[in-house]
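Report on the structure given below.
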Amino acid sequence: MITSFPGLYYYISFPVATRFAWGFWGSIFVVLNRITLSIVWSGVQSWQGGLMMYVCLRALWPSIDDIPNTIPAKTGMTLPQFVGFIVYFVIQLPFVFLSPSRLRYLIYAGSLSGLIVQLVLAIWACATMGSSGFGSIITQESPLPGSQVAWMGTYSISIIISSITAGALSACDYARFAKRPISGMWSQGLGFAPAWLSNILGILTVAATQQRFGAKLWSVVQLLVAMQDADPTSGTRAGVFFAALGFLISQIALNVIANSFAGGTDIASLLPKFVNIRRGQLITVFLGLVINPWYLLSGAIIFVSVMSAYAIFLQPFIGILLAHYFVVQKRRIKVSDLYKLGPSSIYWYTCGVNWRAVVSWLVGVVPHLPGFLATVNPSIKVTTQASQIYYLCSITSFLIAFFLTVVLHMAFPVKAQTEYVASVTFTSARNEVEEYIESYEQQYENVEVRLRHKSMSDTT
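Right, dumping it as structure tokens:
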């Protein structure tokens with residue numbers, strides 16, 4: 054929630070907000086990292102949506118599996134699955150053209166459908182498990198000693214934090230559209246409970262179906278396919294279809310909002326003369342296909358490990374941003390200077406790059422690299438201490454970058470920023486941005502009027 058404050062109070066997107074921490078040119082490094090993340094996840098989640106569409110089609114026409122598979126096995130997909138992906142992609146594409154104000158309806162539909170289907174699946178799984186009971190997920194005692202259990206628990210928490218890091222980076226992109234700051238706060242706050250409930254429902258569903266299906270089916274696609282294979286009656290197929298449809302709507306909402314819109318915003322910020330947000334979204338979506346997501350997910354364990362571990366590079370970005378906003382700048386941002394190119398901006402630093410942010414990011418990342426490499430490639434052996442430091446990466450990389458940013462700016466302050474922060478209050482800084490927006494809108498209206506008059510004179 055706190056990562057959205059620059060957007061809530063100053064109406065700026067994440068690419069613009071990073072400029073007061075990294076400098077005009079330095080912010081490009083941060084934005085490129087998030088563009089890469091958006092493209093990868095856009096492709097991966099499009100493929101996952103395609104698999105869910107395959108489940109829908111399979112429930113309607115079980116004979117879809119009879120289509121001869123002419124696709125090589127090394128690609129990580131079958132022809133029926135690829136058919137589902139094409140159908141999903143065609144359905145998803147029009148939603149990319151929705152404006153931010155209309156995206157809220159997609160958010161409502163996706164959030165409700167996903168939660169309802171998860172709840173129904175969990176109730177069904179628990180009510181029909183019979184005497185077989187829950188699987189080993191819940192009943193089996195851990196064979197690990199207490200200290201290792203504690204570290205694995207810590208690592209699990211770190212992975213959960215990693216999974217929301219990309220969303221935390223995107224918070225400003227949506228918060229800037231809130232009518233009032235409080236509106237963005239309570240809406241985000243209410244979202245925490247359903248998010249945690251979703252995890253609990255998933256665990257219960259897998260545990261309650263483990264005995265009957267003989268495996269821990271963490272993938273919803275695999276679970277729904279197993280349900281239909283075990284009981285291919287029309288009633289079961291109908292249930293599978295509607296469950297897959299609910300997840301499908303949720304997947305479209307998640308992919309458009311969390312990936313294509315974020316990527317489009319970032320690309321538009323780098324090339325504003327040539328690319329708007331909508332074009333940036335299309336670039337993100339189609340580049341997501343170029344990475345061959347079906348092949349990436351064929352090695353799912355390695356891929357998930359890499360993407361989860363990527364937080365060691367992202368968490369320092371958040372630490373640096375929040376250190377600047379709350380401590381260095383004391384929430385007093387001169388928004389007009391974020392759009393200035395040159396020394397006249399108080400956020401120009403050294404040739405447009407804040408070396409303090411660079412140092413803070415590197416120091417926040419480097420201690421966790423040995424553990425990161427060992428996770429990605431198990432053949433690399435590191436010390437127990439290196440692994441344990443990595444288990445804490447989502448917390449320690451953030452804290453290191455946060456406090457080092459504060460220390461470096463105290464030791465090497467930027468005079469222009471210090472003078473500005475001392476000369477204004479938080480309220481007056483916000484009033485400045487309101488005046489800046491009004492001035493910009495007035496200029497836009499004047500240009501629009503002149504163009505209209507010119508068009509009328511040309512026609513007469």
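Mapping the sequence shown onto this note's numbering, position 290 (from 1) lands on 343, and the numbers just tick up by one.
Beta carbons: idealized from backbone N, C-alpha and C, even for Gly.
Simplified DSSP state of residue i, which is helix, strand or coil
i      : result
Leu181 : Checking the sequence, you will find Thr at residue 181 rather than Leu. Note: Thr181 maps to coil in three-state DSSP.
Arg331 : helix
Ala231 : coil
Met130 : coil
Pro423 : helix
Asn345 : coil
Gly76  : coil
Glu501 : With a pLDDT of 49 at Glu501, under the threshold of 50, the predicted position of this residue should be treated as unreliable, though the coordinate-derived value follows. Looking at Glu501 - three-state DSSP - the assignment turns out to be helix.
Val435 : coil
Phe366 : helix
Ser510 : Its pLDDT being 48, under 50, Ser510 is placed unreliably by the model, and the measurement read from it follows with that caveat. Helix.
Gly395 : coil
Leu243 : helix
Gly188 : coil
Thr337 : helix
Met54  : coil
Ser216 : helix
Leu156 : helix
Asp226 : helix
Arg483 : helix
Thr207 : helix
Asn252 : helix
Leu350 : helix
Asp284 : coil
Leu151 : coil
Ile490 : helix
Ile442 : helix
Ile386 : coil
DSSP beta-bridge partners of residue i
i      : result
Thr403 : Val406
Length of the line joining the Cα atoms of residue i and residue j
i      : j      : result
Leu349 : Ala315 : 22 Å
Met54  : Thr218 : 11 Å
Leu113 : Leu394 : 57 Å
Leu415 : Leu422 : 11 Å
Phe295 : Met105 : 11 Å
Leu277 : Leu340 : 29 Å
Val381 : Ala178 : 52 Å
Phe142 : Val136 : 10 Å
Thr56  : Ala74  : 13 Å
Ala224 : Ser216 : 14 Å
Asn430 : Val459 : 35 Å
Gly424 : Val418 : 11 Å
Glu501 : Gly103 : Reliability of the predicted coordinates at Glu501 is poor, the pLDDT of 49 falling under 50, and the value obtained from them is presented with this limitation in mind. Distance between the alpha carbons of Glu501 and Gly103: 43 Å.
Pro420 : Leu426 : 12 Å
Gly317 : Ser95  : 11 Å
Gly76  : Tyr400 : 6 Å
Phe230 : Ser200 : 46 Å
Leu85  : Leu324 : 12 Å
Ser389 : Tyr489 : 7 Å
Ala70  : Val273 : 37 Å
Trp239 : Gly167 : 21 Å
Ala261 : Ala175 : 8 Å
Leu222 : Val83  : 10 Å
Thr207 : Ile214 : 11 Å
Ser322 : Leu90  : 16 Å
Ser398 : Ile371 : 23 Å
Where the alpha helix (DSSP H) through residue i begins and ends
i      : result
Ser80  : Ser80 to Leu113
Leu270 : Counting along the chain, Leu270 falls outside any alpha helix (DSSP H), and DSSP gives it neither H nor E.
Thr123 : Counting along the chain, Thr123 falls outside any alpha helix (DSSP H), and DSSP gives it neither H nor E.
Ala475 : Lys468 to Ser476
Gly316 : Phe314 to Leu323
Gly60  : Phe58 to Tyr63
His377 : Where His377 is concerned, there is no enclosing alpha helix (DSSP H), given that its DSSP letter is neither H nor E.
Ile302 : Ser287 to Leu307
Thr449 : Cys446 to Ala464
Val69  : Phe67 to Ala70
C-beta atoms of residue i and residue j nearer than 9 Å
i      : j      : result
Pro59  : Ile386 : yes
Thr337 : Ser313 : yes
Leu445 : Ser211 : yes
Val108 : Ala297 : yes
Phe300 : Val170 : yes
Trp78  : Gly405 : yes
Ile310 : Leu159 : yes
Gly188 : Gln264 : yes
Asn122 : Pro115 : no
Val149 : Arg384 : no
Ser303 : Gly163 : yes
Pro234 : Leu61  : yes
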